[in-house]
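Here's the structure, in structure tokens; my notes come after.
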Amino acid sequence: MPSRLTFEVVEADFDLRVVTRSHEVPVLLDISADWCSPCRMLEPLLERLVQDYAGQFVLAKVDADENMRIAGRHQAKGFPTVIAYSFGQVIDRFHGMQTEGFLRRFLSHMIDHHAAHKASDKASPPSHLTN
């Protein structure tokens, strides 16, 4: 079920919708293909989890066949390839279908990493005060 928490991404808007957005909230990037059975099994699970987590992360979906440069940029050698972005950086990834337990651990790690980075930024003095 599409929502503001789940959206399609193409090459033209990738940097804005994934990299830049990941400074606000962790972005889970799902690179998949229509012909891929594991992709079709994983997609509804990811869409349910993004709703369950209610805004703690967003899900960006990429059709690998239509966006080969995005798949290549992320060295996606198998599908699905799922990548966690936080503060503009890739922080973790996995390939293939996974259990819900694995996904929840993966998501917790991504969310915790993002929160810790955000907290450390708030704790650091502005750069003009440290020069």
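For the working numbering, add 7 to where a residue sits in the sequence shown, where the first one is 1. Heads up, the beta-carbon is just placed ideally off N, CA and C, and yes, glycines get one too. The model shown is predicted, which means the values in this text are computed figures rather than measured ones.
Using 8 Å as the threshold, is the C-beta distance between residue i and residue j below it?
| i | j | result |
| --- | --- | --- |
| alanine 67 | alanine 78 | no |
| valine 32 | valine 69 | no |
| valine 26 | glycine 95 | yes |
| serine 29 | serine 93 | yes |
| leucine 110 | leucine 23 | no |
| glutamate 15 | arginine 76 | no |
| phenylalanine 86 | phenylalanine 101 | no |
With distance defined between alpha-carbon atoms, name the residue in the options nearest to residue i.
| i | options | result |
| --- | --- | --- |
| isoleucine 98 | Arg55, Ser115, Ala19, Gly85 | Ser115 |
| alanine 91 | Met117, Arg11, Asn74, Arg76 | Met117 |
| glutamate 107 | Thr13, Arg11, Leu53 | Leu53 |
| valine 34 | Arg112, Thr13, Lys84, Arg80 | Thr13 |
| histidine 1 | His124, Ser39, Lys125, Arg11 | Since the first residue of the chain shown is 8 and the last is 138, residue 1 is not available in this structure. |
| histidine 120 | Gln63, Asn74, Ala83 | Gln63 |
Apply the 10 Å Cβ neighbour rule to residue i and answer buried if 16 or more other Cβ atoms are within range, or exposed otherwise.
| i | result |
| --- | --- |
| aspartate 37 | buried |
| proline 51 | exposed |
| serine 44 | exposed |
| threonine 88 | buried |
| glutamine 105 | buried |
| alanine 122 | exposed |
| alanine 61 | exposed |
Quick check on residue i: does DSSP put it in helix, strand or coil?
| i | result |
| --- | --- |
| lysine 68 | strand |
| aspartate 22 | helix |
| glutamate 15 | strand |
| aspartate 128 | helix |
| aspartate 41 | coil |
Within 7 Å: the Cβ of residue i and any heavy atom of the ligand FAD?
| i | result |
| --- | --- |
| valine 25 | Annotation note on the ligand FAD: not contained in the displayed structure, which lists no ligands. |
Worksheet item: Whole alpha helix (DSSP H) runs in the stretch 44 to 105 with 4 or more residues, listed along the chain?
Response: 44 to 59, 75 to 80
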